[in-house]
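First to last, the sequence lines map onto chains A and B. In terms of numbering that gives the first Met the number 0, the first sequence opens at residue 0 and continues consecutively. In terms of numbering that gives the first Met the number 0, the second sequence opens at residue 0 and continues consecutively. Take a look at the structure below.
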Amino acid sequence: MTSDSPYGQVLRLPRRPVRAAPAAPAAAPRPALTDLHPARPADPAATGFALARLADRAGPVLWVQDHASRRENGRLYTPGLRAMGIDQPILHVAVNHPRDALWAMEEGAACAGLAAVVGEIHGAPAVLSFTATKRLVLRAEASGVPVYLIRGGDPGTLSAARERWRLSALPSAPHPDHGQFPGAARWEAELFRARGRAPGRWVAQHDPRAQRPADRLRLVSRPDDGAVDAGDQPLSDRSGG
Amino acid sequence: MRAISRYRTAPGADVPVVLSRDGPHGPVVQCADRTAAARGIAPGERVVDVQAIHPDLHVEVADLQGDQALMRRLVYWARRWCPWTVQEGDDGLVLDVTGAAHLFGGEAAILRDMVQMFAMQGLTARAAMAPTRAAARALATHGETPAICRAGDVAAAVAPLPVAALGLAGEDVRLLTRLGLKTVGLLADVPREALMRRFATAAEERNPLILLDRMLGRAPDPLNAPADPQRFLARVRLAEPVIDPYPHLKSLADDLCAALAEAGRGARQLRLTIYRVDSEYRSVQLATAGATRDPAHMLRLFDGRLDGIDPGFGFDLLTLDAPRVEPLAVVQERLDRARDALADVPGLLDRLTARLGQDRVTWSAWTETHRPERVEARVPALTGAPAAPPILARERPVRLLNPAEEVRVIYAVPEGPPTQFRWRRTMYQAVRHAGPERIAPEWWRDRPGTRLRDYYKVEVQDGRRFWLYREGMVGDGRGDAPRWFLHGFFV
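Structure representation (structure tokens):
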């Protein structure tokens, strides 16, 4: 009698332990859909993180907001983006219902002429189901457009996103000129679910003057993470940002 | 006088009415109505001078661009009488009715029909018919109308008209008047050699001899009529009335795109019209961001838009036309002749706008102002184009609350932002801050009494960076104690 279960069967183990080759930075695939969860309401850390990860692809950025997220977190203020090193024009789509926001994101994810698609959907509406995120992933994988979904006020529903981050603001770096001034922004970035890489916690910092766009986001391991080892590298070096 | 009829009832018949336009030294009279003309008000006079003489003058601003648009349409409308029509000057139409007059019952009848048709549109027409274009224009503008001039009578008919009827500029008219040549007849009596010598260096349009020759038919003066605008329309006639328009859309779009491709054009606007059996029609119109002649794209644009269309008891005729077209050349994007249909951003704009509405899909537009909420405006993506943002010297937040939300100050120090405040039922403690950045009200735009703002970048205890402002100052005389607002968030 044969069984599908491996229990009780003799398994042939490989002679040598397989070591996963570290992915080359250039070949590292950019995740098709990234979920960004702000840890607190009205925390712009997720916005900053998404902006810092926008690659230098040509073409406009589609930015979709539903009504609840506009009311809770305010609208995107484009004059502030230039300091973040964003040169692409932003195509704003302001809709009322999350259903329309998802539809607009799907249309954008299928259009390879865009640099990226960023969507903001507040709360956990019923239309933002696992199936909806799966559709987004499939469309984004087919076209190669990175999609970021900022889910404020989400209690933690299922998602097919390839990476899910939880982000919150940290006290800023010291200001170079004045001790009383807020300095460069720092965020705590926790990758709590990912495909193809290990979860972890980092202190993220954005450097708009970096030479390569991939280096704009700098991730430094938290000392209490426990993952710091002699062989470890900063995540940004491995994944290319 | 169109401007008046559009907005309010015209003043009484005894009130002189003029239209004004901007002149180099203030407004000047563009044209005057019958009452004003009877009082001696002539176009070109300054409005203030006329108002000093006639205190009861009624002045309206002329809509010059609207008038020109109307004239362009009238050129094509006038093809109801003959195929050769062209605009002459700012307010004239020239029609070549050779061989067309008998269709309307003779030359007198066609002229009477023209005056009547223009009168039905609310326009007063001065019509004249003559063997040459220049003679007809001269008779219409300076003679008795309606006038019909036979082939042999041109010289006699135009002889009493002033030399301005030749179409000369004011400077040349003055010169001829000074020479004693006040009418066309006097000018025609002058020996040709004398006129030729005197005006040897004058340009063609300002040479009285050439203009006279054209008027009398001695020099050719052809009429160059613009071609009919091409209409792109596909239609489906049905034997039986149906309710659902969707099954016929594909053949309509295919036909329209074939016609567009033949003409090398692409549609910027599309209009689907259904003609119902109860003699009503309904239409759906939509616009595209770029010229297109892709049937599949057109079908996707109409997807979901026809649900609100009311078919009534059914319809038996559908038309799909392109009211606005633009040249669209065939472009080979890649060597292997494959086209990257996915990278089509204008197509994406069309689909988003067709479904969500024009005001919801927008680019940023920029205004030169210091008020943060006014710097950025949103323009519909279909009509506008993305503009490069201005370079700001000051740090600006990435998110803005609109309108700004008031915070309750729990504990404040005399200078600087509040050290403890409450916003959205949560208490915050300011740890670090930078500022103030003072933004004064713009007196040329804001209402009087608007208070200044002092902006601070405030970092609270959990690390979030807020953009707070205080509205007003203590003792600025513009209201009571200043209030604090939260306006934006830094990354």
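Note that the Cβ used here is the ideal one computed from N, Cα and C, for glycine as well.
Thinking C-beta only, is residue j closer than 8 Å to residue i?
| i | j | result |
| --- | --- | --- |
| residue 127(A) | residue 101(A) | yes |
| residue 240(B) | residue 276(B) | yes |
| residue 159(A) | residue 351(B) | no |
| residue 38(A) | residue 149(A) | no |
| residue 112(A) | residue 344(B) | yes |
| residue 43(A) | residue 397(B) | yes |
| residue 122(A) | residue 153(A) | yes |
| residue 174(A) | residue 47(A) | no |
| residue 133(B) | residue 220(B) | yes |
| residue 137(B) | residue 70(B) | no |
| residue 160(B) | residue 288(B) | no |
| residue 201(B) | residue 269(B) | no |
| residue 164(A) | residue 140(A) | no |
| residue 218(B) | residue 183(B) | no |
| residue 454(B) | residue 436(B) | yes |
| residue 471(B) | residue 450(B) | yes |
| residue 144(B) | residue 168(B) | no |
| residue 298(B) | residue 249(B) | yes |
| residue 109(B) | residue 103(B) | yes |
Helix, strand or coil, according to DSSP, for residue i in the structure here?
| i | result |
| --- | --- |
| residue 117(B) | helix |
| residue 441(B) | coil |
| residue 418(B) | coil |
| residue 209(B) | helix |
| residue 37(A) | strand |
| residue 428(B) | strand |
| residue 240(B) | strand |
| residue 345(B) | helix |
| residue 200(B) | coil |
| residue 246(B) | helix |
| residue 134(A) | helix |
| residue 435(B) | strand |
| residue 210(A) | coil |
| residue 312(B) | coil |
| residue 460(B) | coil |
| residue 58(A) | coil |
| residue 367(B) | coil |
| residue 229(B) | coil |
| residue 219(B) | coil |
| residue 359(B) | helix |
| residue 99(B) | coil |
| residue 66(A) | helix |
| residue 235(B) | strand |
| residue 251(B) | helix |
| residue 156(A) | coil |
Assuming residue i and residue j form a contact by the criterion Cβ under 8 Å, report the distance between their Cβ atoms to the nearest whole angstrom.
| i | j | result |
| --- | --- | --- |
| residue 183(A) | residue 172(A) | 4 Å |
| residue 93(A) | residue 70(A) | So it is not a contact: roughly 11 Å between Cβ atoms. |
| residue 361(B) | residue 377(B) | 4 Å |
| residue 251(B) | residue 235(B) | 6 Å |
| residue 114(A) | residue 56(A) | 4 Å |
| residue 375(B) | residue 363(B) | 5 Å |
| residue 259(B) | residue 301(B) | Wrong, their Cβ atoms sit about 16 Å apart, outside the cutoff. |
| residue 32(A) | residue 59(A) | No, residue 32(A) and residue 59(A) are not in contact; Cβ-Cβ is about 19 Å, not under 8 Å. |
| residue 507(B) | residue 317(B) | Since the displayed chain B opens at 0 and closes at 490, residue 507(B) lies outside it and no answer follows. |
Notebook entry, point to check: In the region 429-453 of chain B, which residues sit with their C-beta less than 8 Å from some C-beta in chain A, listed in chain order?
Noted result: Contact annotation: in the region 429-453 of chain B, residues whose CB is within less than 8 Å of a CB in chain A are 430, 431, 432 and 433.
Note to self: Which complete alpha helix (DSSP H) runs does the region 371-406 of chain B hold, if anything under 4 residues is left out?
What the structure shows: 371-374
Margin query: Any C-beta of chain B within less than 9 Å: which residues of the region 158-190 of chain A qualify?
Written below: 167, 168, 169, 170, 171, 174, 177, 178, 179, 180, 181, 182, 184, 185, 186 and 187
Check: At which residue ranges does the region 51-97 of chain B contain complete alpha helix (DSSP H) runs of 4 or more residues, listed in the order of the chain?
Finding: For the region 51-97 of chain B, whole alpha helix (DSSP H) runs of length 4 or above, ordered along the chain, are 63-76.
Notebook entry, point to check: Going along the chain, which unbroken runs of the beta strand (DSSP E) with 3 or more residues stay wholly within the region 178-208 of chain A?
Noted result: 185-193 and 199-205
Next item on the list: Ignoring anything shorter than 3 residues or poking outside the region 253-306 of chain B, list the beta strand (DSSP E) runs there in chain order.
Entry: 264-275 and 280-291
Checklist line | In chain order, each alpha helix (DSSP H) run of at least 4 residues that lies wholly inside the region 120-144 of chain B | finding: Entirely contained in the region 120-144 of chain B, the alpha helix (DSSP H) runs reaching 4 residues are, in chain order, 132-141.
Next item on the list: List in chain order: all unbroken alpha helix (DSSP H) runs of 4+ residues lying wholly within the region 11-49 of chain B.
Entry: List check, alpha helix (DSSP H) in window: 33-37.
Notebook entry, point to check: Where in the region 82-123 of chain A do unbroken runs of the beta strand (DSSP E), each at least 3 residues long, occur, reported from the N-terminal end onward?
Noted result: 89-93 and 115-119
Margin query: What are the residues in the region 72-102 of chain A lying within 8 Å of chain B by C-beta distance?
Written below: 72, 73, 74, 75, 76, 77, 78, 79, 80, 81, 82, 83, 88, 89, 90, 91, 92, 93, 94, 99 and 102
Checklist line | Residues, ordered as in the chain, of the region 50-62 of chain A that lie near chain B by beta-carbon distance below 9 Å | finding: 50, 51, 58, 59 and 61
Notebook entry, point to check: Can you list, in chain order, the residues of the region 361-380 of chain B whose Cβ is nearer than 7 Å to any Cβ on chain A?
Noted result: Per Cβ criterion, the list reads 361, 362, 363, 374, 375, 377 and 380.
Item checked: Where the region 28-51 of chain A meets chain B: residues whose CB sits under 9 Å from a CB there -> 39, 40, 41, 42, 43, 44, 46, 47, 48, 50 and 51
Notebook entry, point to check: When you check each C-beta in the region 399-424 of chain B against every C-beta of chain A, which residues fall closer than 8 Å?
Noted result: Within the region 399-424 of chain B, those residues whose Cβ lies closer than 8 Å to any Cβ of chain A are, in chain order, 399, 400, 401 and 423.
Note to self: Any C-beta of chain A within less than 7 Å: which residues of the region 302-320 of chain B qualify?
What the structure shows: none
Next item on the list: Could you please tell me which residues of the region 193-205 of chain A, in chain order, have their CB closer than 9 Å to any CB of chain B?
Entry: 205
Margin query: Using a Cβ-Cβ cutoff of 9 Å, what residues of the region 116-131 of chain A are near chain B? List them in chain order.
Written below: If the cut-off is 9 Å between Cβ atoms, the region 116-131 of chain A has nothing near chain B.
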